[in-house]
Each structure stands twice: as C-alpha cells, then as structure tokens.
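Accompanying notes for the structure given below.
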Amino acid sequence: MTGQGIHSDGADRAILVCLERENIRGAENAIYADLKGRRALIDPFLLGEGQALLWHDNQVFHWVAPAQVEPPYSQGTRTVLIAHYPAIHYLSGKVNPNNSLGTSKVSKSKRLRYQNTPCQDCTSPT
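Number 130 in my numbering belongs to position 120 of the sequence shown; there are no gaps in the numbering.
Here it is as structure tokens:
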C-alpha cells in the first residue's frame, strides 16, 4: 500500500522493513512533526531491501509516496513488513489511549494499491 497521506497508525511504536524491492519507482518514506507535512524530521528517502525504519508512532507522523512500476518493466514488487506495539487494539477494535495523533485525508484518486499505471502525484506532500 502506498500513497496513504501523512498519518499515524495509532500505535506507540512502529517498524517498517523492506523485504523486497524490484522495478519500483517512488514509494519514498518520510517522517513529519506535523500532520500537514510542513516540518520534515526525515526528508523523503527510498527504503531499500534489508533496510528498516523505526519510529514513535504516537509522537510523529509518517508518509509513503505513491509507487509505480519502473519503465520499461511491466511488473514490479515492493514487499514490506510493518509491525506495531502495542498491537492488541488492532485485534480488539479499541482505540489506543497513548496515540491520538490522527491522519490526513487522501482522495481516492491518490491512493494506489497494486496499480501498474503511472502515479498522478509522485511528489512529497510539502
């Protein structure tokens, strides 16, 4: 999943590990101090295979840019593992009392999932 907008997942801590990345353009990650993306703490960067990003999900916001298949290829892969702590609220449906940061709204046209066409906006939100 890419192109989610600036957000918090609702956990205390989160880690994103890139397991595989092949023939993909975009999908840069960034960390922001604010929901509008005016203050980057970590500027957009590519998370390569074997690299991880760990953050305090209840203190900062994160973002991932839309992805697209790198021309001239017809297929690409970006496999990531994301883990949260604590994760019990994802199973129980309860809100994590330690995280009230929220998320920004992203239009459906900017959300991409398993899409091989060029992205509409592959730029940083700032």
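Backbone N, C-alpha and C fix where the C-beta goes; we use that ideal spot for every residue, glycine too.
How long is the line joining the alpha carbons of Glu-80 and Arg-48, rounded to whole angstroms? 29 Å
Where the beta strand (DSSP E) through Leu-56 begins and ends: First-last for Leu-56: undefined, no H or E at that position.
Ordered list of alpha helix (DSSP H) runs contained in the region 39 to 104, each at least 4 residues: If one requires a minimum length of 4 residues, the alpha helix (DSSP H) runs lying completely within the region 39 to 104 are 98 to 102, in chain order.
Assuming Trp-73 contacts Gly-20 (C-beta within less than 8 Å), just tell me the rounded distance between them. Between Gly-20 and Trp-73 the Cβ distance is about 15 Å, and since that is not below 8 Å, they are no contact.
Can you tell me which of Tyr-95, His-66, Ala-43 and Glu-59 puts its alpha carbon nearest to the alpha carbon of Ala-37? Glu-59
Ala-77 to His-94, Cα distance in whole Å? 23 Å
Among Asp-67, Ile-52, Ile-41 and Pro-107, which residue has its Cα nearest to the Cα of Ala-24? For Ala-24, the closest of Asp-67, Ile-52, Ile-41 and Pro-107 by C-alpha to C-alpha distance is Asp-67.
In three-state terms, what does DSSP make of Ile-16? coil
Under 8 Å between the Cβ atoms of Arg-35 and Arg-88? For Arg-35 and Arg-88, no; Cβs fall outside 8 Å.
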